[in-house]
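There are 2 protein chains.
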Amino acid sequence: MKIDPTNILKEHSLKHTKQRVRVLEEIALDTVAISQPELEKKLGKEIDRVTLYRILNIYEDKGILHRIMDMNGTANYAICSSACSEDHHHDEHIHFNCTSCHKIYCLDVAVPHSTMPKGFTAKTVNTTAYGICDKCNQMIKKD
Amino acid sequence: MKIDPTNILKEHSLKHTKQRVRVLEEIALDTVAISQPELEKKLGKEIDRVTLYRILNIYEDKGILHRIMDMNGTANYAICSSACSEDHHHDEHIHFNCTSCHKIYCLDVAVPHSTMPKGFTAKTVNTTAYGICDKCNQMIKKD
DNA sequence: ATCTTTTATGCAATTAAGTTGCAAATATAT
DNA sequence: ATATATTTGCAACTTAATTGCATAAAAGAT
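Residue numbers (my numbering), protein chains in the order written: chain A, 1 to 143; chain B, 1 to 143.
Okay, structure coming up:
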């Protein structure tokens with residue numbers, strides 16, 4: 001994925017700081033989502049913990065990143081592929097959480113529509129599949 | 001939902017303790033899932049925090065409860081409706097997380113099947129819809 | 001019922017995620 | 001270059017969750 005941090009910041013009228021650029025760069029390195037602890041480990045020497053939290057929150061609010069919770073309740077972040085707006089994240093694709101390597105993939109599979117019971121109005125639907133990813137399945141074959 | 005804690009414990013060859021019975025009773029009180037912090041608040045005087053964590057983990061492992069993570073990464077627990085086994089939770093129904101009252105409902109709506117990309121093998125699929133629940137929608141109308 | 005063994009509980013201490021308030025540093029518009 | 005608004009870093013705090021260990025309580029045998 002090719003991203004232009006400076007442009008993204010401008011598009012969302014966010015001030016251009018080196019910390020904000022670094023966070024975007026780091027997350028864009030991989031197509032799989034990256035967890036908050038991993039980000040902190042990678043950027044901890046350059047960026048303060050609190051600042052990182054604040055940047056991630058702003059990016060999520062603005063629809064630049066979307067946040068996926070894994071089974072342990074850890075926040076994982078990935079760049080929103082489709083244009084998400086401030087009030088609506090339509091990252092309506094399936095996430096795949098590998099139970100072996102713990103990576104979270106944003107699959108190019110749409111979330112199937114489900115009809116809600118009477119009285120329930122759904123705004124966003126989040127689907128996460130748990131299992132073994134492509135890479136880990138290949139590793140298993142080799143053994 | 002009518003549950004028999006003593007029987008549930010026996011079925012899963014778990015020792016019968018008053019703490020384990022209390023946890024099951026408390027969770028069975030409501031059809032909506034209850035969060036760990038809520039449980040702790042309710043049972044904190046009777047049961048030690050650590051014991052509560054351990055009981056919840058055992059129940060999840062045994063397939064007695066299933067755990068639903070909300071947007072804040074807080075664990076929520078509900079009694080498994082269908083018989084879940086030790087190695088496979090098939091709580092393949094949609095969860096509805098109300099963004100107003102924060103309750104998590106286990107909806108009687110099956111998770112639609114999605115085909116995974118080549119190489120990805122899914123074991124469990126988890127779907128959570130976020131929006132406004134029945135009760136909260138009625139409250140809004142009244143205002 | 002009592003003893004014995006196994007398992008569960010409670011307590012203290014620790015790790016780690018996330019938040020808040022505030023002073024200093026930095027971005028941007030003039 | 002300067003002023004103003006915003007962001008950052010730091011310290012301190014809150015809360016979720018885990019670990020080790022001594023004590024307490026189950027469940028089966030006697």
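Each residue gets a CB set at the ideal place from its N, CA and C atoms; glycine is no exception.
Being a predicted model, the structure only gives us computed values, none of them experimental.
Reference L52/A; option with closest CA among E26/A, V32/A and D70/A: On the first sequence, position 52 is the one that residue 52/A refers to. Taking only the C-alpha atoms, the option nearest L52/A is E26/A.
Per-residue DSSP class, three states only, for L14/B: Numbered from 1 along the second sequence, position 14 holds the residue referred to as residue 14/B. In the displayed model, L14/B falls within coil according to three-state DSSP, outside both helix and strand.
DSSP state of M71/A mapped onto helix, strand, coil: Along the first sequence, one-based indexing puts residue 71/A at 71. Residue state, collapsed to three classes: coil.
Spatial neighbours of H16/B in its chain, beta-carbon cut-off 7 angstroms, leaving aside the 5 residues before and after: Reading the second sequence from its first residue, position 16 is the one you call residue 16/B. So the qualifying residues of the chain are T6 and L9.
Beta-carbon proximity list for R67/B, same chain, < 8 angstroms, skipping 5 on both sides: Your numbering for residue 67/B matches position 67 in the second sequence. Closer than 8 angstroms at Cβ, skipping near neighbours: L56, E60, A75, N76 and Y77.
Through-space distance from H113/B to K123/A, alpha-carbon basis: Translated into positions along the first sequence, residue 123/A becomes position 123. Translated into positions along the second sequence, residue 113/B becomes position 113. When the Cα atoms are used, K123/A and H113/B turn out to be separated by approximately 20 angstroms.
Cβ of D134/B within 8 angstroms of any chain A Cβ: On the second sequence, residue 134/B is found 134 positions in, with the first residue counted as 1. Using a CB distance cut-off of 8 angstroms, D134/B counts as an interface residue toward chain A.
Length of the line joining the Cα atoms of G73/A and N72/B: For the purposes of this step, residue 73/A is taken as residue 73 along the first sequence, with counting starting at 1. For the purposes of this step, residue 72/B is taken as residue 72 along the second sequence, with counting starting at 1. Going by the C-alpha atoms only, they are around 8 angstroms apart.
Residue-chain proximity (T121/B, chain A), Cβ-Cβ < 8 angstroms: Counting from 1 along the second sequence, the entry for residue 121/B is found at position 121. Closer than 8 angstroms: yes.
Min CB distance T128/A to chain B below 8 angstroms: Working through the first sequence from its first residue, we reach residue 128/A at position 128. Yes - at least one Cβ of chain B is within 8 angstroms of the one on T128/A.
For I140/A, three-class secondary structure by DSSP: Here residue 140/A refers to the residue found at position 140 of the first sequence. Secondary structure of I140/A (DSSP, three-state): helix.
DSSP state of K42/B mapped onto helix, strand, coil: As a first step, residue 42/B must be located in the second sequence, where it is residue number 42. It is helical.
Beta-ladder partner(s) of N97/A, from DSSP: Here residue 97/A corresponds to residue number 97 of the first sequence, with the count starting at 1. Looking at the DSSP output, N97/A bridges to I104/A and Y130/A.
Between the CA atoms of A33/A and C133/A - distance to the nearest angstrom: Stepping through the first sequence from its first residue, residue 133/A is reached at position 133. Stepping through the first sequence from its first residue, residue 33/A is reached at position 33. Taken atom to atom, the span from the alpha-carbon of C133/A to that of A33/A is near 14 angstroms.
Unbroken alpha helix (DSSP H) run spanning T51/B, endpoints: Position 51 of the second sequence, counted from the start, is the residue given in the question as residue 51/B. That run of the alpha helix (DSSP H) goes R49 to K62.
Cβ-Cβ distance between Y130/B and N126/A below 8 angstroms: The count along the second sequence starts at 1 and reaches residue 130/B at position 130. The count along the first sequence starts at 1 and reaches residue 126/A at position 126. Closer than 8 angstroms, so yes.
Integer-rounded CB distance, given that L14/B should sit under 8 angstroms from I58/B: The residue you call residue 58/B lines up with position 58 of the second sequence. The residue you call residue 14/B lines up with position 14 of the second sequence. With a Cβ gap of about 7 angstroms, I58/B and L14/B count as contacting.
Pick from V23/B, H102/B and T31/B that is closest to K41/B, judged by C-alpha positions: As a first step, residue 41/B must be located in the second sequence, where it is residue number 41. For the residues V23/B, H102/B and T31/B, the minimum Cα distance to K41/B belongs to V23/B.
Span separating the alpha-carbon of K145/B from that of R20/A: Any property of residue 145/B remains undetermined from this structure, which presents chain B solely from 1 to 143.
Under 9 angstroms from the C-beta of S114/A: neighbouring residues of chain B: Looking up residue 114/A in the first sequence gives position 114. Chain B residues near S114/A: I94, L107, V109, A110, V111, P112, T127 and A129.
Positions along the stretch 62 to 79 of chain A whose CB lies within less than 9 angstroms of some CB in chain B: Within the stretch 62 to 79 of chain A, the residues whose Cβ lies closer than 9 angstroms to some Cβ of chain B are R67, M69, D70, M71, N72, G73, T74 and A75, listed in chain order.
Those residues which DSSP pairs with V125/A across a bridge: For this step, residue 125/A is matched to residue 125 along the first sequence. Answer by DSSP bridge pairing, in chain order: A129/B.
DSSP beta-bridge partners of A28/B: For the purposes of this step, residue 28/B is identified with residue 28 of the second sequence, where counting begins at 1. DSSP, once it has assigned bridges, lists no residue as partnering A28/B.
Integer-rounded CB distance, given that K45/A should sit under 8 angstroms from C101/A: Here residue 101/A is taken as the residue at index 101 of the first sequence, counted from 1. Here residue 45/A is taken as the residue at index 45 of the first sequence, counted from 1. The C-beta separation of C101/A from K45/A comes to about 25 angstroms, leaving the pair out of contact by the 8 angstroms criterion.
Beta carbon proximity, P117/A to chain B, threshold 8 angstroms: Residue numbering aside, residue 117/A sits at position 117 when the first sequence is read from its first letter. At least one chain B Cβ lies under 8 angstroms of P117/A.
Interface flag, T124/B vs chain A, CB-CB below 8 angstroms: For the purposes of this step, residue 124/B is identified with residue 124 of the second sequence, where counting begins at 1. Closer than 8 angstroms: yes.
C-beta atoms of V111/A and E92/A nearer than 8 angstroms: Translated into the one-based positions of the first sequence, residue 111/A becomes position 111. Translated into the one-based positions of the first sequence, residue 92/A becomes position 92. Yes, these two residues count as a Cβ contact at 8 angstroms.
Which of helix, strand or coil DSSP assigns to I34/B: As a position in the second sequence, residue 34/B is number 34, starting the count at 1. Strand, per DSSP.
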